[in-house]
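I have placed the structure first, in the form of structure tokens, so that the comments after it can refer back to it.
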Amino acid sequence: MWKGVLRIPASFVRAGIRSKKLVARRLFEACLREGNPQAIYYDSLNRLVNGGDFHGCVNGLSSIAGRSPMASLTAAIFFVCKGETKKASEMFHMFIKLSGVSFEDPGLNSLVMRSCVTFSAANPTSTQDRT
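Residue 18 in full-length UniProt numbering sits at position 18 of the sequence shown; the count goes up by one each step and never skips.
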């Protein structure tokens with residue numbers, strides 16, 4: 001009966017029968033409005049991965065970097081890969097302050113280097129390539 005229908009009929013929504021995707025998206029958007037750091041983190045990554053919006057991604061990550069060690073580390077890695085070392089340094093210091101992790105840890109240095117190589121290979125128009 002509903003085959004080929006692209007949207008959920010209003011009667012289903014009123015009756016309490018909702019698609020999980022519809023409910024999840026509304027909940028996610030409410031979390032974004034309330035400033036939930038985890039929702040902002042995933043929305044920021046989605047902007048970069050699916051939309052190619054580097055600045056939107058970094059702005060979102062920077063807005064929660066003071067509350068989320070993972071956001072500050074991710075933003076720092078993106079800044080390094082784009083050649084913005086001053087901003088990267090600020091984010092790395094924020095990450096150290098929030099997490100207590102030292103950059104003398106060889107595992108962390110390896111993670112940063114692998115991430116930058118992968119990002120640079122996927123985005124050949126980095127600031128270093130333009131000069």
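Beta carbons are placed, not taken as given, at the ideal position from N, Cα and C, and that holds for glycine.
Of all alpha-carbon atoms in 75, 38, 34, the one lying nearest the alpha-carbon of residue 87 is that of 75.
Under the three-state reduction of DSSP, residue 101 is assigned to coil, being neither helix nor strand. Contact check for residue 57 against residue 72 fails: the beta carbons are separated by 8 angstroms or more. In the structure shown, residue 47 adopts helical secondary structure according to DSSP, grouped into three states. For residue 36, the secondary structure class from DSSP, reduced to helix, strand or coil, is coil. Close CB contacts of residue 92 within its chain, under the 6 angstroms cut and outside five residues either way in sequence, are with 76 (chain order). Non-local C-beta neighbours of residue 68 in its own chain, meaning closer than 7 angstroms and more than five positions away in sequence, comprise 37, 41, ordered along the chain.
Taking each of 78, 64, 70, 46 in turn and checking the Cα distance to residue 34, the smallest one comes out for 64. Going by DSSP, residue 65 is part of no alpha helix (DSSP H) at all; its letter is neither H nor E.
In this structure, the beta-carbon distance from residue 60 to residue 47 falls below 8 angstroms.
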